[in-house]
């Protein structure tokens, strides 16, 4: 059963520390998204890639966040330095190439910055 | 600018009664429309989508949605609600050309009362 895998599932870190979240998209999917979910803001698109190239990262705070796809099987989202306001659930999703196709979401990484 | 509106933060319905979760959208161009469901501590799960053709789309778990182009709406429906349908529901839109982004609504919490 193909699925998007995110690690870690939970992360508690101190303010100022670097956080790296990882995502393994479904094999064959060429579009990868990073979303952040909070009670206040709902679901926000941070960045997305197509064929490993970043297409849009306008939703991401550039000074501390970075997203990369080192290869087709791995996407990473880094926060350095982390701040308490970064506490949220971060979702990765992947999709096949067609415009009319749905995205498949991972189970998320719950990040708490203290 | 493209947007999706879910006007109700919460919908309460008695078990066995029909349910409707509302969604309206604003896009330039033709849309592809999606509904997702999120259970506690889970990622978003695809329910159904409208691409073209029949305005009534059937999806998973007995859900269906009606596309109305003149009202720019895509309301989610189910003839008979179950307690297990209680969850957070998201409507999303993607335009048919250009960007590959999904634009999500703010979500509607459905509570089915026994």
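Protein chains in written order, with my numbering: chain A, -15 to 98; chain B, 653 to 766. The C-beta atom is built at its ideal place from N, Cα and C for all residues, glycine as well. The structure presented is a predicted model; accordingly, all values stated were derived computationally and were not measured.
Within 7 Å (strictly less), CB to CB, does residue i reach chain A?
i                      : result
residue 701 of chain B : yes
residue 696 of chain B : yes
residue 724 of chain B : no
DSSP state of residue i, grouped into three classes?
i                      : result
residue 54 of chain A  : strand
residue -12 of chain A : coil
residue 655 of chain B : strand
residue 764 of chain B : strand
residue 69 of chain A  : helix
residue 98 of chain A  : coil
Chain B beta carbons: is any one of them nearer than 7 Å to that of residue i?
i                      : result
residue -13 of chain A : no
residue 14 of chain A  : no
residue 90 of chain A  : yes
residue 43 of chain A  : no
residue 0 of chain A   : no
If distances are taken between C-alpha atoms only, which option among the options comes closest to residue i?
i                      : options                       : result
residue 43 of chain A  : B:671, B:675, B:753 and B:677 : B:753
residue 726 of chain B : B:714, B:678 and B:690        : B:678
residue 30 of chain A  : A:-1, A:60, A:54 and A:9      : A:60
residue 55 of chain A  : A:34, A:28 and A:27           : A:34
residue 37 of chain A  : A:98, A:83, A:10 and A:51     : A:51
residue 94 of chain A  : A:22, A:14 and A:9            : A:22
residue 729 of chain B : B:688, B:653 and B:654        : B:688
residue 760 of chain B : B:655, B:656 and B:663        : B:663
residue -15 of chain A : A:65, A:86 and A:11           : A:11
residue 7 of chain A   : A:15, A:-10 and A:-3          : A:-10
residue 98 of chain A  : A:82, A:53 and A:65           : A:65
residue 47 of chain A  : A:27, A:63 and A:58           : A:63
residue 657 of chain B : B:714, B:737 and B:757        : B:757
residue 739 of chain B : B:747, B:703, B:709 and B:696 : B:696
residue 706 of chain B : B:713, B:672, B:714 and B:719 : B:719
residue 671 of chain B : B:704, B:701 and B:717        : B:717
residue 731 of chain B : B:673, B:660 and B:661        : B:673
What residues of chain B sit near residue i, judged by a beta carbon separation below 8 Å?
i                     : result
residue 32 of chain A : 752 and 753
Interface residues of chain B around residue i at Cβ under 7 Å?
i                     : result
residue 29 of chain A : 753
residue 40 of chain A : 753
residue 87 of chain A : 754
Kindly list, in the order they appear in chain A, the residues whose Cβ is closer than 7 Å to that of residue i.
i                      : result
residue 684 of chain B : 83 and 84
residue 758 of chain B : 26
Chain E beta carbons: is any one of them nearer than 7 Å to that of residue i?
i                     : result
residue 75 of chain A : No chain E is part of this structure, whose protein chains are labelled A and B.
Name the chain A residues whose beta carbon is nearer than 8 Å to that of residue i?
i                      : result
residue 742 of chain B : 27
residue 761 of chain B : Under the 8 Å cutoff, chain A gives no residues; its nearest Cβ is about 11 Å from residue 761 of chain B.
So residue i contacts chain A; which residues on that side make the cut at Cβ distance below 9 Å?
i                      : result
residue 749 of chain B : 83
What do you reckon, is the C-beta of residue i under 6 Å from a heavy atom of the ligand SAM?
i                      : result
residue -14 of chain A : Ligands displayed in this structure: none; no statement on the ligand SAM is therefore possible.
Item to check | Length at least 3, wholly inside the segment 660 to 726 of chain B: the beta strand (DSSP E) runs in chain order | outcome: 662 to 666, 671 to 673, 676 to 678, 683 to 690, 696 to 702, 708 to 710 and 716 to 720, all fully within the segment 660 to 726 of chain B.
Item to check | Unbroken stretches of the alpha helix (DSSP H), 4 residues or longer, contained in the segment -4 to 66 of chain A | outcome: Complete alpha helix (DSSP H) runs here, min 4: none at all.
Checklist entry - Where are the alpha helix (DSSP H) runs, 4 residues long or more, that stay fully inside the segment 72 to 96 of chain A, in chain order? => result Counting only runs of 4+ residues, no alpha helix (DSSP H) is found wholly inside the segment 72 to 96 of chain A.
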